[in-house]
Amino acid sequence: TRAAGPTPAQDPLLAALADGERRVDELAALTHTPAPALLARLTELEVTGAVRRTDGGGYIATGIGGAEATEHP
563 TRAAGPTPAQ
573 DPLLAALADG
583 ERRVDELAAL
593 THTPAPALLA
603 RLTELEVTGA
613 VRRTDGGGYI
623 ATGIGGAEAT
633 EHP
């Protein structure tokens, strides 16, 4: 089952990526999120297809997937 996930307006991380590619250190500063928690969230968003890692090591929003997250029974 899939449920609606956060939108950029609801998720500071997605909002920070709305303007384009960002590195982890930039995202941590913008969202005031510790790196371990940030990396965990980025991994979740990668799995749903909402973000992808770039060749330069940053992250970018894909505009797909992020509004959905897999629910586990």
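Read in our numbering, the sequence shown has 612 at position 50, and its numbers run on one by one without any break. For each residue, glycine too, the CB sits at the ideal point set by N, CA and C.
In three-state terms, what does DSSP make of residue 623?
-> Residue mapping note: residue 623 aligns to position 61 of the sequence shown, counting from 1. Strand.
Quick one: complete alpha helix (DSSP H) runs, 4+ long, within the stretch 577-625?
-> 586-593 and 597-610, all fully within the stretch 577-625.
Report the rounded CA-to-CA distance for residue 592 versus residue 574, giving the unit in angstroms.
-> For the purposes of this step, residue 592 is identified with residue 30 of the sequence shown, where counting begins at 1. For the purposes of this step, residue 574 is identified with residue 12 of the sequence shown, where counting begins at 1. Between residue 592 and residue 574, the C-alpha separation is close to 8 Å.
Identify whether residue 573 lies in helix, strand or coil by the three-state DSSP scheme.
-> What you label residue 573 is simply residue 11 of the sequence shown in a count that begins at 1. Note: residue 573 maps to coil in three-state DSSP.
With distances taken Cα to Cα, identify the nearest neighbour of residue 585 among 610, 615 and 624.
-> By one-based count along the sequence shown, residue 585 stands at place 23. That would be 615, whose Cα lies nearest to the Cα of residue 585.
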